[in-house]
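In terms of our numbering, the sequence shown opens at residue 334 and continues consecutively. Let me begin by presenting the structure, written as structure tokens, before commenting on it.
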Amino acid sequence: MRPPKDFFLPLALGAPEPLREVPVRPSRMIHFFPASNEKVVSKLPDLAPKVDILLANLEDGVPAGDKEAARAGMVHVARTLDKGETQLWTRVNSLDSPWCLDDMVAAVVEAEGGIDVIMVPKVEGPEDIHYVDRLVAQLEARAGLDRPIGIHAILETARGVANVEEICGASPRMQGLSLGPADLAANRRMKTTRVGGGHPGYLVRADPGEDADAPRLTAQQDLWHYTLARMVDACVAHGILAFYGPFGDIADGVACEDQFRNAYLLGCVGAWSLHPSQIDIAKRVFSPDLAEVEHARRVIEAMGDGTGALMLDGKMEDDASVKQCHVVMGLARQLSERDPELAALYGFTA
Ligand code: GLV
Ligand code: MG
Numbered sequence: 334m335r336p337p338k339d340f341f342l343p344l345a346l347g348a349p350e351p352l353r354e355v356p357v358r359p360s361r362m363i364h365f366f367p368a369s370n371e372k373v374v375s376k377l378p379d380l381a382p383k384v385d386i387l388l389a390n391l392e393d394g395v396p397a398g399d400k401e402a403a404r405a406g407m408v409h410v411a412r413t414l415d416k417g418e419t420q421l422w423t424r425v426n427s428l429d430s431p432w433c434l435d436d437m438v439a440a441v442v443e444a445e446g447g448i449d450v451i452m453v454p455k456v457e458g459p460e461d462i463h464y465v466d467r468l469v470a471q472l473e474a475r476a477g478l479d480r481p482i483g484i485h486a487i488l489e490t491a492r493g494v495a496n497v498e499e500i501c502g503a504s505p506r507m508q509g510l511s512l513g514p515a516d517l518a519a520n521r522r523m524k525t526t527r528v529g530g531g532h533p534g535y536l537v538r539a540d541p542g543e544d545a546d547a548p549r550l551t552a553q554q555d556l557w558h559y560t561l562a563r564m565v566d567a568c569v570a571h572g573i574l575a576f577y578g579p580f581g582d583i584a585d586g587v588a589c590e591d592q593f594r595n596a597y598l599l600g601c602v603g604a605w606s607l608h609p610s611q612i613d614i615a616k617r618v619f620s621p622d623l624a625e626v627e628h629a630r631r632v633i634e635a636m637g638d639g640t641g642a643l644m645l646d647g648k649m650e651d652d653a654s655v656k657q658c659h660v661v662m663g664l665a666r667q668l669s670e671r672d673p674e675l676a677a678l679y680g681f682t683a
């Protein structure tokens with residue numbers, strides 16, 4: 334364990350100083366794109382202003398034969414895309430793969446500072462983050478970067494979940510975590526073959542009534558609730574951001590929206606979008622509802638210095654509930670700085 338005094342020292346001579354806080358930037362969706370696909374890459378200038386984070390995927394989903402083309406595509410995008418306020422991330426191959434080291438060199442050195450955050454899959458414990466942390470520092474020093482690159486870990490193994498607090502606190506580079514339901518399900522031997530979302534077999538059933546043969550009400554439960562809630566607590570305790578990961582049933586926008594909303598309500602800041610249709614879903618879900626913003630504004634105004642208790646529309650408000658309102662207002666304000674439509678909707682225009 335590094336002593337607290339040394340925690341914020343660069344891990345290589347000439348590497349930039351680590352950040353003390355995760356930069357506050359809109360992060361409602363991490364939009365995955367295959368960087369080896371020229372048609373997709375040619376549309377990025379139009380797409381960039383519509384998403385908060387673009388991610389050049391090098392890992393799962395990219396066939397082994399395309400790994401080098403995807404890496405070269407990522408470097409090309411990082412060097413040439415005019416991304417404005419949009420963040421550009423990449424997901425490297427896992428630490429035990431034959432591609433990871435070259436992915437790291439490309440993302441830090443060849444990308445010439447164009448990558449904001451490296452997403453590291455299948456992180457099992459703090460030792461994985463320590464390795465990436467030192468390696469990235471060495472590469473940053475070699476590239477002469479003046480701004481540190483963040484690390485985002487995917488929580489997708491049982492060991493990763495067991496070590497989630499230590500992973501979040503392993504480096505000042507840690508930007509956040511995503512839940513990876515597909516790999517996690519496989520690793521845990523869960524018996525679902527779906528990429529995220531619920532399962533009709535995972536349910537609770539009402540007790541039998543007087544007529545033992547009458548149908549009994551059932552309700553599907555959320556397979557991911559425990560992991561998501563645990564991940565959010567670990568992230569918040571360490572001052573980093575939590576994201577829901579992929580929802581694979583692209584055609585089922587309704588269930589995708591439900592999954593994203595559960596994550597939003599539990600404390601996540603965003604989710605992955607694997608298809609353009611999921612960008613709008615994420616934008617809708619992870620931007621606060623107008624009615625919530627209006628309610629929050631009324632409570633904050635009514636609460637004055639934020640202490641005491643009062644009744645508003647028959648409901649009790651106090652020091653704690655006004656803090657909940659500040660969470661919603663803070664997010665609305667932050668998103669409005671980037672999105673004039675939201676600023677107008679929430680009434681933040683001058
Ligand atoms: C994402 O990487 C997942 O495995 O769900
Ligand atoms: Mg995965």
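The beta-carbon is built from N, C-alpha and C at its ideal position, and this holds for glycine as well. Just so it is clear, the structure is predicted and the values come from calculations on it, not from any experiment.
Expressed to the nearest angstrom, what Euclidean distance is found between the alpha-carbon atoms of residue i and residue j?
i    : j    : result
L377 : L388 : 11 Å
L517 : P431 : 22 Å
F580 : Q592 : 8 Å
M636 : P621 : 21 Å
G542 : H532 : 25 Å
P367 : I583 : 17 Å
Y559 : V497 : 13 Å
A588 : A562 : 19 Å
L599 : S610 : 23 Å
G530 : E590 : 10 Å
P356 : E489 : 25 Å
A604 : G647 : 35 Å
D544 : Q508 : 55 Å
I484 : D466 : 8 Å
Y464 : Q471 : 11 Å
E460 : C501 : 12 Å
D540 : R549 : 7 Å
R617 : E350 : 36 Å
D399 : S369 : 7 Å
With DSSP as the reference, identify every bridge partner of residue i, one or two as the case may be.
i    : result
W422 : L388, V450
I487 : S511
A642 : D651
G531 : Note: G531 sits in no beta bridge, so no partner.
H628 : H628 pairs with nothing; no bridge assigned.
S606 : H364
T551 : R538
L574 : G509
Rounded to the nearest angstrom, how far is the Cβ of residue i from that of residue j, given a contact under 8 Å?
i    : j    : result
R361 : F619 : 4 Å
R671 : E418 : 6 Å
Mind listing which residues have their beta carbon within less than 7 Å of any non-hydrogen atom of ligand 1? Chain order is fine. D393, P454, I487, E489, G513, P514, A515, D516, L517, V528, G529, G578, P579
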